[in-house]
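Enquirer: Please read through the structure below; I'll follow up with questions.
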Amino acid sequence: MEGAGGAVDSLMLVSLALTGTAGLQAVVFWALRGDRPPTWWIPNPALLLFPVYAITVLLRHGRITTHGPAARPPHP
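Using this note's numbering, you'd call the opening residue of the sequence shown number 31 and step up by one each time.
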């Protein structure tokens, strides 16, 4: 997908946000239920924490900005 950097970065951000949401939902569900087998601790906290790290890296390298596009000048 060369040449579509903005679209790829946007999709990556959405994907990371949804992955983090899935991890958070799993953590909350199991916390409320109170039943956490050892095999649970590997994937679900990873789903919650990996997107935080990945989004931080994307923001630091300037691939994703926290502000919108520049405003266009008015037409004469």
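From the three backbone atoms N, C-alpha and C, an ideal C-beta is built for every residue, glycine too. For clarity, every value in this text was computed on a predicted model and none was experimentally measured.
Compute the Euclidean distance between the alpha carbons of residue 32 and residue 65, then round it to the nearest angstrom.
Expert: Confidence is the limiting factor: at residue 32 the pLDDT is only 46, short of 50, which leaves the residue's position unreliable, though a coordinate-based value still follows. Residue 32 and residue 65: Cα-Cα distance of roughly 46 Å.
Enquirer: Do residue 49 and residue 75 come within 7 Å of each other at the CB atom, strictly closer than that value?
Expert: No, these two residues do not count as a Cβ contact at 7 Å.
Enquirer: Identify the continuous alpha helix (DSSP H) that holds residue 85 and give its terminal residues.
Expert: Looking at the DSSP string, the run of the alpha helix (DSSP H) that includes residue 85 is 73-90.
Enquirer: Going by C-alpha to C-alpha distance, which of 89, 55, 62, 88 sits closest to residue 73?
Expert: If we check each option's Cα against that of residue 73, 55 comes out closest.
Enquirer: Look up residue 64 in the DSSP assignment and say whether it is helix, strand or coil.
Expert: The answer is coil: DSSP assigns residue 64 none of H, G, I, E or B.
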